[in-house]
Each structure stands twice: as C-alpha cells, then as structure tokens.
Amino acid sequence: DTGVSQNPRHKITKRGQNVTFRCDPISEHNRLYWYRQTLGQGPEFLTYFQNEAQLEKSRLLSDRFSAERPKGSFSTLEIQRTEQGDSAMYLCASSLGGAGGQGEQYFGPGTRLTVT
Amino acid sequence: AQSVTQLGSHVSVSEGALVLLRCNYSSSVPPYLFWYVQYPNQGLQLLLKYTSAATLVKGINGFEAEFKKSETSFHLTKPSAHMSDAAEYFCAVTKNTGFQKLVFGTGTRLLVSP
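Residue numbers (the working numbering), protein chains in the order written: chain A, 738 to 853; chain B, 25 to 138.
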C-alpha cells in the first residue's frame with residue numbers, strides 16, 4: 738500500500754491554457770473522489786467514481802472541467818481554458834466501498850494549481 | 025443537506041495544555057463524522073471517525089472526540105498539546121449510507137507555543 742499519489746504536485750499555467758492532473762488511488766480501492774480546496778477553506782467535493790463510472794458531479798464542476806477514470810484505476814482531471822478562479826489545491830481521495838470496507842477516504846498530497 | 029461549523033478559525037495553546045477544537049454538525053440523516061489534520065502543503069490525514077458505534081472515539085496521536093447527538097457536536101480534544109500538533113484541522117460529515125461525499129468545515133488552525 739503506497740497511498741494515494743497525485744501528479745504533478747505543482748502546476749503554474751497561463752489563463753486560457755488547458756491542464757490535466759493525474760491521481761493514482763490505493764490499488765484495491767474502488768471509489769475515487771476529487772475535491773478542490775481554496776486558501777483558507779475546507780475541501781469541496783467535485784466528483785466521484787465507483788470503478789470506472791462517474792456517479793456524481795458537483796455543480797462546482799463547470800463544463801470546462803472533465804474527469805475520467807478509465808478501467809477503474811487511475812483518474813485524470815482536466816480543466817480547459819483555465820481562469821484565475823481555478824487556482825486552488827486539487828485533492829484526490831480513494832476508498833474501499835461496499836461490504837468489504839468501512840469507506841474511509843484516504844487523501845493524496847494534492848496538486849496545487851496557480852493560474853497567472 | 026449536511027453541513028459542519030467549526031468555531032474559531034485559529035486556536036492558540038501552550039505546549040502541554042489541553043487542546044479543544046469545536047465542531048457542530050447539521051444532518052437530516054444519521055451522520056458519520058470525521059476529523060482530519062492537514063500539515064502545510066500536504067493532503068489530509070484521518071485522525072478519527074464516528075460511525076455510530078461508541079460515542080467516544082479515540083484516534084491517532086492522542087486525540088479523541090465525543091459524539092453528542094443532543095448538542096449536535098463532535099468536538100476534538102487532546103489532553104496535552106505537543107509542538108508537532110500545530111496544523112490545520114478539519115471536521116467533516118457524511119451520510120451513513122450509500123455514497124459518501126465528505127462535507128468539510130472551514131478548518132481551525134492550531135498554534136502551539138513553547
């Protein structure tokens with residue numbers, strides 16, 4: 738168990754550019770979550786996958802945001818046409834859902850996005 | 025809908041003093057409650073959780089919390105603060121069934137002075 742990993746750890750981009758982040762969950766975890774955390778705030782839910790199916794999306798996830806989890810393993814979060822308001826820490830978490838586990842969410846170290 | 029309120033954005037204690045971080049929740053269904061700690065530029069680490077078993081929950085690093093339904097509270101305590109406890113602490117709530125989206129409070133920064 739190597740924990741949840743996220744890449745890159747930091748990303749600086751210019752307004753209008755596209756960015757993509759990657760999350761590798763704990764290997765046996767079937768659930769994967771994305772959260773966004775702005776300065777001085779708690780994390781806010783963005784979206785959730787069970788295996789490869791994206792089951793819920795927050796209204797915070799505008800049409801410029803897209804997330805995928807092909808084959809139910811790693812996940813990517815893409816932001817198109819970035820805006821300065823997208824600057825935040827993007828956190829990924831995974832959990833083992835269902836009868837086999839208690840569903841605790843384990844968080845990765847996050848990707849800090851700065852849009853200039 | 026569920027929500028969490030953390031009273032006090034900053035709490036300062038001396039090393040060796042009692043730590044008390046306050047969390048009140050609102051939930052229309054029986055909740056699960058969590059405390060997470062976040063060190064600078066890092067992700068969140070689970071300290072402890074309440075999942076409808078014992079109301080007094082013990083976690084890592086000497087922290088504990090008590091679920092009080094009558095007060096809708098889940099305050100975090102530690103008898104004796106250590107310098108290494110200085111961090112941001114988040115209380116979170118989720119439903120006890122089905123999909124478990126965490127709803128976080130705004131956090132409390134714990135400052136520990138020598």
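Just so it is clear, CB atoms sit at the ideal spot from N, CA and C, and this is done for glycine as well. Remember, predicted model here, so these are calculated numbers, not experimental data.
The contact set of residue 130 of chain B on chain A, defined by CB atoms closer than 9 Å, consists of 777, 778 and 779 in chain order. Following the DSSP letters along the chain, one finds residue 830 of chain A inside the beta strand (DSSP E) bounded by residues 825-832. By alpha-carbon distance to residue 765 of chain A, the top candidate from A/809, A/827, A/796 and A/829 is A/809.
A straight line joining the alpha-carbon of residue 48 of chain B with that of residue 25 of chain B spans about 14 Å. Residue range 27-31 is occupied by the beta strand (DSSP E) that includes residue 30 of chain B. With fewer than 16 other CB atoms across the displayed protein chains lying within 10 angstroms of its CB, residue 84 of chain B is exposed. Counting C-beta atoms within 10 angstroms of its own C-beta, residue 112 of chain B has 16 or more neighbours from the protein chains shown and is therefore classed as buried.
Of the other Cβ atoms in all chains shown, fewer than 16 fall within 10 Å of the Cβ of residue 749 of chain A; this residue is therefore exposed. The distance from the Cβ of residue 804 of chain A to that of residue 812 of chain A is about 6 Å, consistent with a contact at the 8 Å cut-off.
Counted as a single uninterrupted DSSP element, the beta strand (DSSP E) harbouring residue 815 of chain A occupies residues 812-816. Bounds of any beta strand (DSSP E) do not take in residue 93 of chain B, whose DSSP letter is neither H nor E.
Taking a Cβ-Cβ threshold of 8 Å, the residues of chain B close to residue 845 of chain A are 67, in chain order. Contact of residue 87 of chain B with chain A is not assigned, every C-beta pair being separated by 8 Å or more. When the Cα atoms are used, residue 787 of chain A and residue 138 of chain B turn out to be separated by approximately 46 Å. The three-state reading of DSSP puts residue 85 of chain B in helix, counting H, G and I together. With a 10 Å radius around the Cβ and a threshold of 16 neighbouring Cβ atoms, residue 752 of chain A comes out exposed.
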